[in-house]
Amino acid sequence: MLQMKELKSTLRDYMGIIRLSGYESRMAYRFKEDLSKYTEQVQIDKTGNVIATFPGSDPEAPNLMVFAHMDVIGFVISRIEPDGFLRIDRVGGISEKIVQGIAVMVGSESGEYYPGLIGAKAYHIQSNEDKAKVDSFSSLFIDIGATSQQQVNDLGIHVGCPVTFAPHYVELLDNRVAGAYIDDAAGLTNLLQIASLLAEQTPKCTVHLVGTVMEEFNARGAMMAARSVKTDMAICLLGPGAGDTPDQRGVNNVVLGGGPGVTLFNFHGKGTLNGNIAHKGLFELIKKSAAVSGITLQRSAARGALSDTAYLQLENDGIPCLDMGMPDRYSHSPMETCDLKDLEQVGIVVTNAIYAIDKDFDLHRY
Ligand SMILES: [Zn+2]
266 MLQMKELKST LRDYMGIIRL SGYESRMAYR FKEDLSKYTE QVQIDKTGNV IATFPGSDPE
326 APNLMVFAHM DVIGFVISRI EPDGFLRIDR VGGISEKIVQ GIAVMVGSES GEYYPGLIGA
386 KAYHIQSNED KAKVDSFSSL FIDIGATSQQ QVNDLGIHVG CPVTFAPHYV ELLDNRVAGA
446 YIDDAAGLTN LLQIASLLAE QTPKCTVHLV GTVMEEFNAR GAMMAARSVK TDMAICLLGP
506 GAGDTPDQRG VNNVVLGGGP GVTLFNFHGK GTLNGNIAHK GLFELIKKSA AVSGITLQRS
566 AARGALSDTA YLQLENDGIP CLDMGMPDRY SHSPMETCDL KDLEQVGIVV TNAIYAIDKD
626 FDLHRY
């Protein structure tokens with residue numbers, strides 16, 4: 266079983282791996298290697314999902330997929346200026362407000378990464394109007410130190426190449442950690458924690474622990490994994506945003522350090538008309554597990570976001586789904602923040618829930 270020290274070092278390692286949506290292979294190979302310590306059955310499917318299987322003792326029990334996404338938000342190069350600056354567009358949900366002046370990593374077609382930055386206009390030359398204005402992505406640019414388009418191309422960097430935030434890892438007070446890619450390095454860390462527990466004691470149900478691709482791009486990578494393993498139900502390890510910062514007070518009851526967060530309702534109305542309403546049976550299972558484990562759960566219900574469960578729940582004749590995980594602050598910024606106590610508790614609650622699943626678990630939605 267992974268202890269807090271190992272959870273912390275795993276989270277730090279995973280936060281340091283560059284992996285834009287569609288370019289997850291570095292993370293996938295590392296994750297496959299880590300999971301292989303706990304089961305011989307680890308595969309990477311055609312889409313790039315990493316699937317580790319722990320066979321259960323009762324073939325009549327419904328099987329469960331627990332997953333977290335391996336990919337991260339970032340940018341794609343849309344144009345290269347003659348003098349070597351790179352123009353970009355966003356991949357996933359990134360606000361223009363947080364990107365000027367940040368460090369980035371720019372990928373080449375052969376998979377090399379080069380450091381760069383998103384240029385910010387010097388304070389001294391900004392008009393009062395400039396200071397209050399947010400520049401659109403079309404006016405932003407990356408500087409990698411190159412002086413010509415030829416120099417950029419000679420590195421193998423072209424239109425279509427990936428860009429991500431440069432990895433950061435900072436330890437704050439009281440077991441809190443900040444940096445890029447906590448979304449969803451945290452969920453992957455939990456999967457490894459769960460794998461270490463399942464390796465010690467065989468559950469009744471077969472469990473597939475899956476690192477998925479392309480969540481930040483189209484929230485559908487998990488669908489292909491579910492088709493590969495023909496899962497009966499699924500838990501997505503993705504925590505809700507905390508509402509305990511000065512700008513978020515009153516938004517929800519979720520606080521950092523308050524325990525695992527369960528999303529009872531989410532809905533992304535911006536064109537997708539999709540979300541997930543938690544499966545009652547799975548929620549009851551998690552509630553009982555938390556009670557047995559002496560861990561407090563936090564509840565979240567909000568519009569504005571969704572995860573792979575939105576699409577996964579529509580597979581086959583319906584897959585019961587639940588989203589839960591470690592709460593975070595400043596999501597989709599280069600300095601997301603979390604509390605490691607919450608992280609540890611998520612893995613414990615999910616593992617104890619897994620051991621409680623038997624052939625009588627009701628998959629129906631009532
Ligand atoms: Zn995200």
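All the letters of the sequence shown, read from the start, carry residue numbers 266 to 631 under this note's numbering. The C-beta atom is built at its ideal place from N, Cα and C for all residues, glycine as well.
Between the segment 294-303 and the segment 439-446, the count of C-beta pairs closer than 8 angstroms stays below three; the two stretches do not touch. Of Gly410, Ile282, Val364 and Met330, the smallest CA-CA separation from Val399 is found for Val364. Glu325 carries a coil assignment under DSSP once its states are collapsed to helix, strand and coil. Rounded to the nearest whole angstrom, the CA to CA distance from Gly384 to Leu420 is 20 angstroms. Taking all protein chains in view, the Cβ of Ser375 is surrounded by fewer than 16 other Cβ atoms within 10 Å, so the residue is classified as exposed. Residue pairing from DSSP places Thr528 in a beta bridge opposite Ser565 and Asp588. Here the alpha carbons of Leu571 and Ser404 stand approximately 29 angstroms from one another. A distance criterion of 7 angstroms places the beta-carbon of Ile283 beyond contact range of ligand 1, judged by its closest non-hydrogen atom. In this structure the segment 576-595 does not touch the segment 425-437; the number of beta carbon pairs closer than 8 angstroms is below three.
For Gln308, the uninterrupted beta strand (DSSP E) run begins and ends at Val307 to Ile309, by DSSP. Between Ala484 and Asp573 a beta carbon distance of about 5 angstroms is seen, short of the 8 angstroms cut, so the two are scored as contacting.
Rounded to whole angstroms, the separation of the alpha carbons of Arg352 and Ile359 is 15 angstroms. Among the bridge pairs identified by DSSP, Gly339 is matched with Val356. In the DSSP assignment, Tyr294 falls within the unbroken alpha helix (DSSP H) covering Ser290 to Leu300. When secondary structure is reduced to three states using DSSP, Glu480 falls in the helix class. At a cut-off of 7 angstroms, the beta-carbon of His533 does not count as near ligand 1: no heavy atom of the ligand is closer than that.
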